[in-house]
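Shown next, in structure tokens, is the structure this report addresses.
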Amino acid sequence: MATRIRLKRTGGKNEPFYRIDVFDAYSQRDGKSLETVGTYNPRSKKQEQVVTLKRDRVVFWLDRGAKPTETVKSILKANGIHTK
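Going by our numbering, the sequence shown opens with residue 15, and the numbers climb by one from there.
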């Protein structure tokens, strides 16, 4: 199964909040995900609350061949998880 790690938008109007989820490559952006591996809150005032990650699960999925989107790849890189 081809998998992707990408953002799933939640939150209200003008208040974006994203979950970093693992999806089947052919599912919809806000469709059913396989697993939630973190969150991304771009509007957070506190720097430590902007991104939360389950590092072991992210590495697990990357080892299984999941490909992150460009945005998720930059979030992972900023948090010390390097992808190919």
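All residues carry an ideal CB built from backbone N, CA and C; glycine is no exception.
Close beta carbons around residue i, own chain, < 7 Å, minus the five adjacent residues each side
i: Thr-85; result: Leu-21
i: Arg-69; result: Ile-95
i: Met-15; result: Asp-38
Through-space distance from residue j to residue i, alpha-carbon basis
i: Asp-77; j: Ala-39; result: 16 Å
i: Lys-60; j: Thr-53; result: 14 Å
i: Gly-79; j: Phe-31; result: 26 Å
i: Lys-87; j: Thr-97; result: 7 Å
i: Gln-42; j: Val-73; result: 23 Å
i: Lys-46; j: Asn-28; result: 23 Å
i: Pro-56; j: Val-64; result: 6 Å
Close beta carbons around residue i, own chain, < 6 Å, minus the five adjacent residues each side
i: Lys-81; result: Arg-18
Same chain, Cβ closer than 8 Å to residue i, five either side skipped, listed in chain order
i: Trp-75; result: Thr-17, Ile-19, Val-36, Glu-49, Val-51
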